[in-house]
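Asks: Right, I'll just put the structure down here and ask away after.
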Amino acid sequence: MKKNILGKSLYTIGLTIICIIMIVPIYYLVVTTFKSPEEAALSPLGLPKALDFSNYTKALEAMDYLQALKNNLIITIVAVLLLVFFATMAAYVIARSQKKIFKVMYSIFLVGLIIPFQIAVVPLYQIISGLNLMDTHLGVILVNVFCINLPLSIFLLRGFISTVPIELEEAAFMDGCGTFKTFWVIIFPLLKPIVSTVVILNTLAIWNDFLTPLLFIQSPEKQVLLQQVYRNVGPFSTDWTSFFPMLVMSTLPLVIFYIFMQKRVIEGVVAGSVKG
Amino acid sequence: MYNKNRQRVFMLMILPTFIGFFILYIVPTAMSFFYSLTNWSVYNADLQFVGLDNFKMLFEDSKTLAGIKNTIIYALITLVVQNAIAIVLAVFLDKKTKSANFVKSLVFLPAVLSILVVGFLFQYIMTSADYGLLNNIVQFFGGDPVNWLGNKDIALYSVIATQVWQWSGWLMVIYIANLKSIDTALYEAAEIDGASKMSKFFKITLPLLYPAASFNILLSLINGMKVFDVILAMTQGGPGYATETIMTTLIREGFNSGRNAYASALGVVFFVAVFILSRIVIAFLNKWERKIS
Numbered sequence: 046m047k048k049n050i051l052g053k054s055l056y057t058i059g060l061t062i063i064c065i066i067m068i069v070p071i072y073y074l075v076v077t078t079f080k081s082p083e084e085a086a087l088s089p090l091g092l093p094k095a096l097d098f099s100n101y102t103k104a105l106e107a108m109d110y111l112q113a114l115k116n117n118l119i120i121t122i123v124a125v126l127l128l129v130f131f132a133t134m135a136a137y138v139i140a141r142s143q144k145k146i147f148k149v150m151y152s153i154f155l156v157g158l159i160i161p162f163q164i165a166v167v168p169l170y171q172i173i174s175g176l177n178l179m180d181t182h183l184g185v186i187l188v189n190v191f192c193i194n195l196p197l198s199i200f201l202l203r204g205f206i207s208t209v210p211i212e213l214e215e216a217a218f219m220d221g222c223g224t225f226k227t228f229w230v231i232i233f234p235l236l237k238p239i240v241s242t243v244v245i246l247n248t249l250a251i252w253n254d255f256l257t258p259l260l261f262i263q264s265p266e267k268q269v270l271l272q273q274v275y276r277n278v279g280p281f282s283t284d285w286t287s288f289f290p291m292l293v294m295s296t297l298p299l300v301i302f303y304i305f306m307q308k309r310v311i312e313g314v315v316a317g318s319v320k321g
Numbered sequence: 053m054y055n056k057n058r059q060r061v062f063m064l065m066i067l068p069t070f071i072g073f074f075i076l077y078i079v080p081t082a083m084s085f086f087y088s089l090t091n092w093s094v095y096n097a098d099l100q101f102v103g104l105d106n107f108k109m110l111f112e113d114s115k116t117l118a119g120i121k122n123t124i125i126y127a128l129i130t131l132v133v134q135n136a137i138a139i140v141l142a143v144f145l146d147k148k149t150k151s152a153n154f155v156k157s158l159v160f161l162p163a164v165l166s167i168l169v170v171g172f173l174f175q176y177i178m179t180s181a182d183y184g185l186l187n188n189i190v191q192f193f194g195g196d197p198v199n200w201l202g203n204k205d206i207a208l209y210s211v212i213a214t215q216v217w218q219w220s221g222w223l224m225v226i227y228i229a230n231l232k233s234i235d236t237a238l239y240e241a242a243e244i245d246g247a248s249k250m251s252k253f254f255k256i257t258l259p260l261l262y263p264a265a266s267f268n269i270l271l272s273l274i275n276g277m278k279v280f281d282v283i284l285a286m287t288q289g290g291p292g293y294a295t296e297t298i299m300t301t302l303i304r305e306g307f308n309s310g311r312n313a314y315a316s317a318l319g320v321v322f323f324v325a326v327f328i329l330s331r332i333v334i335a336f337l338n339k340w341e342r343k344i345s
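Protein chains in written order, with this note's numbering: chain Y, 46 to 321; chain C, 53 to 345.
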């Protein structure tokens, strides 16, 4: 009995220590956004004296927030939709056809899981210029879809589709439904769990992707949130409490997404961890 | 009829995806290998084969070598520390209580933040300026301030610490899912045999975490080898070359200095390093798998 109480309080102490390590940096980030540099230097962890939003208004303007947020949303949403559209069809064909050519294509897709795309960035830059996609959102979207995130998505989807019974499709075909229609009407709705995994993993990856926009977008009005943060760190080095709101605002959309979809996000991460 | 038409539709369904992948991944990857054997740069329009000259140059350049060495140290240390912490957290938090659930979601939270943002935040926390939070805390407990990011012997480890803070939760949720699949009868049997908590952990839990561990270990290795954003935010490769990595060198040489062929050669070295290290890690993992089966 005594041992149990001791164990329990040790456990509570452990939980508290973990909490402190996780919370302090985030708490520090948030409280600092309401302070002046002097106040923040004087009492870094104290609550702000007043709830002053002037740092936020300064940051909103400096990072052209609404425009950058719009750019982030466009790139992330379009890229994720395209990924789901292309990867589910490709994975379906690979899972269902015995033809050798599709097996060969699959093994070529899987090369993307082995060789990191980063080694290809220099020639990729040339190709994107050659396609007249430099400094466009479409360029960033296509790189994110076809160069970076396609192989893992196809791999996860193919594994799932193999477990869907084929009899369903045969029945649909008997009813006169073509292959393409059968896929979208009968099969696609059954893929909801794995599609949600693909959507979540890719949303996190594309929203937080910094390297691709850094290389392929130059015009300030087309830049994404992280580029705006990166651009402002120098000019704001002495006014760093006005810089912190930029960190908060650039991550806030995903934090909100996480708070509401927590269970789904964690399930997605777990489902994405099956290895081949 | 059914089959022939079906195969044609199949081809139409996969071909656009394959072409996109071919143009934007396979072609540039192959070009990198090709360019690594040439003298291509922005100052040198006339392309010539130079054999392995770029590689020779690369292995004589102390800055690039430092980048390769730092990347490997970074990847191996994050691999070990992140996974060790994630396993301990998973065992500790794999409970159905409200507080354990809350701490679990809190530990995962930094994984949804961008690496760049976490890097900037910790750059301010670890700064040696007077307002640096970490040094304030160290001094509060009576320690001497440390130059976390300015001392070349410490800087790389400071960067590693921030990434362990950010990503352990991601690995943890994968370990927790694995823990749930372990048959509780095993623990009951061990209890009857009078096994201690420690020996249950080392004899039952740890070996049976193999599936999650093999995934997580390879994931941390490959992500560690790609380290870039956090360096850009925290140290820009300094002090000196203390935190240069393969990716920071590759981007600098390929884009800022215009040494395209040199950057491509470094890309090839990067691939070879990832390949060899993952082979070694996989060999270790296979040994582990044989031991438990």
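Note that CB positions come from ideal geometry on N, CA and C, so glycine has one too. This one's a predicted model, so the numbers in the text were calculated from it and none came from an experiment.
Measuring only the C-alpha atoms, how far is Ile186 (chain Y) from Lys204 (chain C)?
Replies: Numbered from its first residue, the first sequence carries residue 186 (chain Y) at position 141. Numbered from its first residue, the second sequence carries residue 204 (chain C) at position 152. One C-alpha to the other measures close to 38 Å.
Asks: Figure out for me which residue from Y:Tyr303, Y:Ile231, Y:Val310 and Y:Gln273 has the closest Cα to the Cα of Leu292 (chain Y).
Replies: The residue you call residue 292 (chain Y) lines up with position 247 of the first sequence. Nearest of Y:Tyr303, Y:Ile231, Y:Val310 and Y:Gln273 to Leu292 (chain Y), Cα basis: Y:Gln273.
Asks: Nearest to Leu201 (chain Y) by CA position, among Y:Pro70, Y:Ser318, Y:Pro290 and Y:Lys80, is which residue?
Replies: Here the question's residue 201 (chain Y) lines up with position 156 in the first sequence. Of the listed residues, the one whose Cα sits closest to Leu201 (chain Y) is Y:Ser318.
Asks: Strictly below 9 Å CB to CB, what residues from chain C border Gly59 (chain Y)?
Replies: Here residue 59 (chain Y) refers to the residue found at position 14 of the first sequence. Chain C residues near Gly59 (chain Y): Phe144.
Asks: Below 8 Å between beta carbons: does that hold for Ala165 (chain Y) and Thr242 (chain Y)?
Replies: Here residue 165 (chain Y) corresponds to residue number 120 of the first sequence, with the count starting at 1. Here residue 242 (chain Y) corresponds to residue number 197 of the first sequence, with the count starting at 1. For Ala165 (chain Y) and Thr242 (chain Y), no; Cβs fall outside 8 Å.
Asks: Mapping DSSP to helix, strand and coil, what is Asn96 (chain C)?
Replies: Residue numbering aside, residue 96 (chain C) sits at position 44 when the second sequence is read from its first letter. Looking at Asn96 (chain C) - three-state DSSP - the assignment turns out to be strand.
Asks: Do Val170 (chain C) and Thr214 (chain C) come within 8 Å of each other at the CB atom, strictly closer than that value?
Replies: In the second sequence, counting from the first residue as 1, residue 214 (chain C) sits at position 162. In the second sequence, counting from the first residue as 1, residue 170 (chain C) sits at position 118. Yes, they are a contact pair.
Asks: Any idea what DSSP makes of Thr90 (chain C), helix, strand or coil?
Replies: For the purposes of this step, residue 90 (chain C) is taken as the residue at position 38 of the second sequence. Looking at Thr90 (chain C) - three-state DSSP - the assignment turns out to be strand.
Asks: Can you find the residues in the same chain that come closer than 7 Å, C-beta to C-beta, to Arg309 (chain Y), ignoring five residues on each side of it along the sequence?
Replies: Within the first sequence, residue 309 (chain Y) is the residue found at index 264, counting from 1. For Arg309 (chain Y), where only same-chain residues beyond five positions count, the Cβ hits under 7 Å are Ser241 and Ile245.
Asks: Can you list, in chain order, the residues of the stretch 162–182 of chain Y whose Cβ is nearer than 9 Å to any Cβ on chain C?
Replies: Under the 9 Å Cβ criterion, the stretch 162–182 of chain Y contributes Phe162, Gln163, Ile164, Ala165, Val166, Val167, Pro168, Leu169, Tyr170, Gln171, Ile172, Ile173 and Leu176.
Asks: Using 8 Å as the cut-off, can you tell me whether the stretch 104–122 of chain C makes contact with the stretch 316–330 of chain C, which would need three or more C-beta pairs spanning the two stretches below that distance?
Replies: With a cut-off of 8 Å, the stretch 316–330 of chain C and the stretch 104–122 of chain C count as touching, because enough Cβ pairs lie within range.
Asks: Using 10 angstroms around the beta-carbon of Leu195 (chain Y), count the other beta-carbons present and answer buried if the total reaches 16, otherwise exposed.
Replies: On the first sequence, position 150 is the one that residue 195 (chain Y) refers to. Result: buried.
Asks: Tell me, which residues are paired with Phe74 (chain C) by DSSP?
Replies: For the purposes of this step, residue 74 (chain C) is taken as residue 22 along the second sequence, with counting starting at 1. For Phe74 (chain C), which the question treats as bridged, DSSP gives no partner whatsoever.
Asks: Is there a C-beta anywhere in chain C that falls below 8 Å from the one on Gly321 (chain Y)?
Replies: Walking along the first sequence from the start, residue 321 (chain Y) turns up at place 276. Residue placement at Gly321 (chain Y) is poorly supported in this model, since its pLDDT is 43, which falls under 50; the coordinates still yield a value, given next. No - not a single Cβ of chain C is within 8 Å of the one on Gly321 (chain Y).
Asks: Buried or exposed for Tyr293 (chain C), going by 16 or more other Cβ atoms inside 10 Å?
Replies: On the second sequence, position 241 is the one that residue 293 (chain C) refers to. Tyr293 (chain C) should be labelled buried.
Asks: List the residues of chain C that Thr296 (chain Y) touches, going by C-beta distances under 8 Å, in chain order.
Replies: The residue you call residue 296 (chain Y) lines up with position 251 of the first sequence. Chain C residues near Thr296 (chain Y): Val164, Leu165, Ser166 and Val169.
Asks: Excluding five sequence neighbours on each side, which residues of the same chain lie with their C-beta closer than 7 Å to the C-beta of Glu305 (chain C)?
Replies: For the purposes of this step, residue 305 (chain C) is taken as the residue at position 253 of the second sequence. So the qualifying residues of the chain are Arg311, Tyr314, Ala315 and Leu318.
Asks: Run through chain C and tell me which residues come within less than 9 Å of Asn253 (chain Y), C-beta to C-beta.
Replies: As a first step, residue 253 (chain Y) must be located in the first sequence, where it is residue number 208. What Asn253 (chain Y) touches in chain C: Val164, Leu165, Ser166, Ile167, Leu168, Val169 and Asp281.
Asks: Any C-beta of chain Y sitting closer than 8 Å to the C-beta of Leu161 (chain C)?
Replies: As a working mapping, residue 161 (chain C) is identified with position 109 in the second sequence. Closer than 8 Å to some Cβ of chain Y, the Cβ of Leu161 (chain C) qualifies, so yes.
Asks: Give, in chain order, every residue of the stretch 252–275 of chain Y whose Cβ lies closer than 8 Å to some Cβ of chain C.
Replies: Within the stretch 252–275 of chain Y, the qualifying residues are Trp252, Asn253, Phe255, Leu256, Leu260, Leu271, Val274 and Tyr275.
Asks: Quick one: measure Cβ to Cβ for Leu127 (chain Y) and Val188 (chain Y), integer angstroms, because I've assumed they're closer than 8 Å.
Replies: Taking the first sequence and counting its residues from 1, one reaches residue 127 (chain Y) at position 82. Taking the first sequence and counting its residues from 1, one reaches residue 188 (chain Y) at position 143. About 12 Å separates the two Cβ atoms, so there is no contact after all.
Asks: Confirm, please, whether the CB-CB distance from Ala163 (chain C) to Gln218 (chain C) is below 8 Å.
Replies: Here residue 218 (chain C) corresponds to residue number 166 of the second sequence, with the count starting at 1. Here residue 163 (chain C) corresponds to residue number 111 of the second sequence, with the count starting at 1. Contact flag set, yes.
Asks: Identify whether Phe101 (chain C) lies in helix, strand or coil by the three-state DSSP scheme.
Replies: Walking along the second sequence from the start, residue 101 (chain C) turns up at place 49. Strand.
Asks: Counting only C-beta atoms, is Ala315 (chain C) closer than 8 Å to chain Y at any point?
Replies: Here the question's residue 315 (chain C) lines up with position 263 in the second sequence. Judged by the 8 Å Cβ criterion, Ala315 (chain C) is in contact with chain Y.
Asks: For Phe192 (chain C), is the classification buried or exposed, using 16 other Cβ atoms within 10 angstroms of its Cβ as the cut-off for buried?
Replies: Working through the second sequence from its first residue, we reach residue 192 (chain C) at position 140. With fewer than 16 Cβ atoms within 10 Å of its Cβ, Phe192 (chain C) is classed as exposed.
Asks: Does the contact criterion of 3 or more C-beta pairs under 8 Å hold for the stretch 165–174 of chain Y versus the stretch 78–88 of chain C?
Replies: Flag = yes, the stretch 165–174 of chain Y and the stretch 78–88 of chain C touch.
Asks: Starting from the N-terminal side, write out each stretch of the alpha helix (DSSP H) that is 4 residues or longer and does not extend beyond the stretch 277–331 of chain C.
Replies: List check, alpha helix (DSSP H) in window: 281–286 and 298–303.
Asks: Output, in chain order, the set of chain Y residues within a Cβ distance shorter than 8 Å of Tyr183 (chain C).
Replies: One-based indexing of the second sequence puts residue 183 (chain C) at position 131. Result: Pro82, Ala85, Ala86 and Pro89.
Asks: Give the residues of chain Y in contact with Val155 (chain C), contact being defined as C-beta atoms less than 7 Å apart.
Replies: Locating residue 155 (chain C) in the second sequence gives position 103, counting from the first residue. Within chain Y, the residues near Val155 (chain C) are Leu60, Ile63 and Cys64.
Asks: Inspect the beta-carbon positions of Ile269 (chain C) and Leu131 (chain C) and report whether they are closer than 8 Å.
Replies: Taking the second sequence and counting its residues from 1, one reaches residue 269 (chain C) at position 217. Taking the second sequence and counting its residues from 1, one reaches residue 131 (chain C) at position 79. Against a cut-off of 8 Å, the Cβ pair of Leu131 (chain C) and Ile269 (chain C) comes out as a contact.
Asks: Closer than 9 Å by beta-carbon distance: list the chain C residues that pair up with Ile68 (chain Y), in chain order.
Replies: Numbered from 1 along the first sequence, position 23 holds the residue referred to as residue 68 (chain Y). The contacting residues are Leu158.
Asks: Quick one: is Met286 (chain C) buried, meaning 16 or more other Cβ sit within 10 Å of its Cβ, or exposed?
Replies: Here residue 286 (chain C) refers to the residue found at position 234 when the second sequence is read from its first residue. When all chains shown are included, Met286 (chain C) counts as buried.
Asks: Closer than 8 Å, CB to CB, is Val188 (chain Y) near chain C or not?
Replies: For this step, residue 188 (chain Y) is matched to residue 143 along the first sequence. Yes - at least one Cβ of chain C is within 8 Å of the one on Val188 (chain Y).
Asks: With 16 as the cutoff for other CB atoms within 10 Å, does Ser88 (chain C) come out buried or exposed?
Replies: Counted from its first residue, the second sequence places residue 88 (chain C) at position 36. With 16 or more Cβ atoms within 10 Å of its Cβ, Ser88 (chain C) is classed as buried.
Asks: On a CA-only basis, which of Y:Ala86, Y:Leu96 and Y:Thr78 is nearest Leu105 (chain Y)? Give me that one, please.
Replies: Your numbering for residue 105 (chain Y) matches position 60 in the first sequence. That would be Y:Thr78, whose Cα lies nearest to the Cα of Leu105 (chain Y).
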